[in-house]
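The sequence shown stops at residue 418 when you use the working numbering, and every number in between is there. Some notes on the structure that comes next.
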Amino acid sequence: PQRTRVTPPVAEMIRILGLGDRMVQVPPDIPLFVFRRGKLRQVPFRPGDLLRTDLLTVGGKLRLLFEPFTGPYRRGETVGEFLTRKFGREAYEGVMGPLFGGLYGSDPGEMYVRHSLAETMGSFGVSKSIMGGFLLGRFNRAATPPATSFTNGMQEFTDAMAAKLGERLHLGLGAIGLRPAGKGGASGWIVTTQAGDERHYDEVVITIPAEPAAALLAPVSEETARRLDHLRYNRLAMVHMVGECDLHGLGYQVGYGEGLRTRGVTWNASALGRDGVYTAFLGGARDPGMLERTDEEIGETARTEFEAVTGCRARVVAVNRTRVPSWDRSWEALEGLELPPGLHLCTNYESRVGIPGRLGRTRALAAALAAAASGAT
Ligand SMILES: Cc1cc2nc3c(=O)[nH]c(=O)nc-3n(C[C@H](O)[C@H](O)[C@H](O)COP(=O)(O)OP(=O)(O)OC[C@H]3O[C@@H](n4cnc5c(N)ncnc54)[C@H](O)[C@@H]3O)c2cc1C
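Written out as structure tokens, the structure is:
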């Protein structure tokens, strides 16, 4: 991750860790762009900008006015279907699809609203009309929590957490086995580590990706393992480049149908004061074939497309690959999931993916476990 929104759980963690003076904040009014109809166009976040924007045609803007007359999302509706029904195809393919899908590296046409967008709308305080929320300024970024990184990047955050935990944290110990200490886990759980030692815990919080979690849980609950195995992950490539230019903005997403392989580019240079650094994202659910290519090919695609879009000459410094939960239709497998007593999931496939979501969920689970423990003594 490159930055996090400073929501209340994030702010609290920054305070606990004493990292306030290490924050590098993203300017709240920094422009965000979408590459649409062959050029970069600024995304409107305030009601007045909507009239001026060239991101949508006049017809596309008029279509937005119908939104208050459309109904709420339906149970089986995907984000793509929902946004197209509410705002029209132009707004979906040109703006909303790329922006929302970019958060997940996924395809909104394959993501159910009930698993993803519904919660996002709730976090913006929007329950009925999205346009109504927009006109009330709910999407104005100056009104939402600011985004931040730290002087030496996001790793400072996790390093500080590790330092705070001190000897209570054991790193580098892969968990390879899990079994109940007594019948059904009533007396806690025994975790076996790669080093071969066994540790007894009253409660086990599983924070690892779905695939290794399924392997760990298979001997305990075949049903849970089967469900976790069902979840699809998308493969993403990140290409870090150094540009010989001074672009101002947060970056851009690429509108659907523009003929580029790049999904989006973050301008760390101007967003976070990182000298000349630009990070492109390729692949994801809409272009899985990209990840079949070599690092050199992926880097070259990112560089040439970035130069064509921005006019900024760049060189590739690193190509990384990762996998991210797709939050697509396969998430039906998690509905109604119940873990055996004493086992908990706290992951980016069970609750929201971003760092604010991760910390919010962690805080709530920690509070519930602490309350249960104090009630038990
Ligand atoms: C490219 C990219 C950019 C992102 N950018 C942002 C951003 O700007 N802002 C934001 O808020 N979010 C961002 N996110 C999302 C966010 O970073 C992740 O959702 C979040 O880091 C997930 O944290 P996690 O601890 O739940 O899971 P993970 O980070 O996946 O951690 C799981 C850990 O489990 C370990 N593990 C696996 N198997 C075992 C085992 N058997 N035993 C022990 N350990 C094991 C792994 O090594 C790993 O360290 C981004 C994600 C990606 C991929």
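The beta-carbon is built from N, C-alpha and C at its ideal position, and this holds for glycine as well. These numbers were taken from a predicted model, which means no experiment stands behind them.
Checklist line | Contact under 8 Å by Cβ, residue 91 with residue 102 | finding: yes
Checklist line | Nearest candidate by alpha-carbon position, reference residue 185, set 287, 144 and 46 | finding: 46
Note to self: Measuring only from the beta carbon, is residue 112 closer than 7 Å to any heavy atom that is part of ligand 1?
What the structure shows: no
Notebook entry, point to check: Mind checking whether residue 114 and residue 251 have CB atoms under 8 Å apart?
Noted result: no
Check: Hey, residue 138 and residue 124 are a contact pair by Cβ (cut 8 Å); roughly how many whole angstroms apart?
Finding: 7 Å
Margin query: Given the structure, does residue 66 come close to ligand 2, in the sense that its CB is under 7 Å from one of the ligand's heavy atoms?
Written below: Of the ligands this structure carries, namely ligand 1, none is ligand 2.
Next item on the list: Counting only the same chain and skipping the five closest in sequence on each side, list residues whose C-beta sits under 6 Å from that of residue 284.
Entry: 317, 319, 353 and 355
Notebook entry, point to check: So what's residue 415 in DSSP terms, helix, strand or just coil?
Noted result: helix
Checklist line | Secondary structure of residue 361, DSSP reduced to three states | finding: strand
Checklist line | residue 38 - containing alpha helix (DSSP H), residue span | finding: Since the first and last residues shown for the chain are 42 and 418, residue 38 lies out of range.
Notebook entry, point to check: Helix or strand or just coil, what does DSSP make of residue 291?
Noted result: coil
Item checked: Range of the contiguous beta strand (DSSP E) that encloses residue 219 -> 216 to 221
Margin query: Given this structure, state the Cα-to-Cα distance separating residue 367 from residue 220, to the nearest angstrom.
Written below: 29 Å
Next item on the list: Compute every distance between the C-beta of residue 253 and the non-hydrogen atoms of ligand 1, then say whether any falls below 7 Å.
Entry: yes
Check: Do you know offhand how far residue 67's Cα is from residue 107's?
Finding: 34 Å
Next item on the list: Specify whether the stretch 236 to 256 and the stretch 270 to 277 touch according to this definition: at least 3 beta carbon pairs, one from each stretch, less than 8 Å apart.
Entry: yes
Notebook entry, point to check: Which whole-angstrom value describes the C-beta separation of residue 344 and residue 322, a residue pair presumed to lie in contact below a C-beta threshold of 8 Å?
Noted result: Contact flag wrong, Cβ pair sits at about 14 Å.
Check: Apart from the five residues just before and just after residue 363, which ones in its own chain have a Cβ nearer than 6 Å to its Cβ?
Finding: 277
Item checked: Residues of its chain near residue 410, where Cβ-Cβ distance is below 7 Å and the 5 sequence neighbours each way are ignored -> 244
Notebook entry, point to check: Would residue 77 be called buried (16 or more neighbouring beta carbons within 10 Å of its own) or exposed?
Noted result: buried
Next item on the list: Pull up the DSSP beta-bridge partners for residue 147, would you.
Entry: In the DSSP output, where bridge partners are listed per residue, residue 147 has none listed.
Note to self: Which residues does DSSP list as the beta-bridge partners of residue 6?
What the structure shows: This structure cannot speak to residue 6, because the chain is shown only from 42 to 418.
Next item on the list: Starting from the C-beta of residue 54, find all residues in its chain whose C-beta is less than 7 Å away, skip the five residues before and the five after it, and write them out in chain order.
Entry: 400
Next item on the list: Would you kindly check if the distance between the Cβ of residue 247 and the Cβ of residue 156 is under 8 Å?
Entry: no
Item checked: Own chain, CB closer than 7 Å to residue 183, minus 5 neighbours either side, in chain order -> 69 and 70
Item checked: Nearest-angstrom Cα separation, counted from residue 144 out to residue 134 -> 15 Å
Next item on the list: Give me the Cα-Cα distance between residue 44 and residue 62, rounded to the nearest whole angstrom.
Entry: 16 Å
Check: If you check the beta carbons only, do residue 74 and residue 180 fall under 8 Å apart?
Finding: no
Notebook entry, point to check: Taking 7 Å as the cut-off, is the CB of residue 45 close to at least one heavy atom of ligand 1?
Noted result: yes
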